[in-house]
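Visitor: Just passing along the structure, written as structure tokens.
In UniProt numbering, the protein residues as written are 1 to 137.
This is the structure:
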């Protein structure tokens, strides 16, 4: 597995009570572990949100309840394209860049094809690990 150029991490259901920077909005043990991991990588990272698409860690947000799996298929397909388009705007050309994703299969399935179409190399280190075991990683 190549060293990532960019990291995408999932949002989580557990959120703080009021508006704050996205990196502080998501709470709970899994997101805390993801934050520690991306901190050690010292690479640009973004959050995949079912409500807001691609979110920068410092973006100010209010709590919300939308999860991507609970949305219609047309929304999910548009969401994947939206995330990829925004990532290109924020990070530049994706051709040849390694993008490491830490999210459920559902999120990966809707964004990875668009990232690959943009020329990115997508890596999902925990792809074969059951979701309920991700916290042990």
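By construction, the Cβ of each residue, glycine as well, lies at the ideal position given by its N, Cα and C atoms.
#1: Answer with buried or exposed for residue 89, where buried requires no fewer than 16 other C-beta atoms within 10 angstroms of its C-beta.
#2: Opposite residue 15 in the DSSP bridges: which residues?
#3: Looking at C-alpha atoms only, which residue of 42, 10, 45 is the closest neighbour of residue 29?
#4: In its own chain, which residues sit with a C-beta less than 7 angstroms from the C-beta of residue 27, not counting the 5 before and 5 after it?
#5: Rounding to the nearest angstrom, what Cα-Cα distance links residue 18 and residue 116 in this structure?
#6: Is residue 62 helix, strand or coil when you go by DSSP?
#7: Between which residues of its own chain and residue 62 is the CB-CB distance below 6 angstroms, once the five residues before and five after are set aside?
#8: Give the straight-line distance between the Cα atoms of residue 103 and residue 92, rounded to the nearest whole angstrom.
#9: In whole angstroms, what is the alpha-carbon distance linking residue 95 and residue 74?
Guide: This is what the structure gives:
#1: exposed
#2: 26
#3: 10
#4: 14, 15, 16
#5: 36 angstroms
#6: coil
#7: 19
#8: 22 angstroms
#9: 26 angstroms
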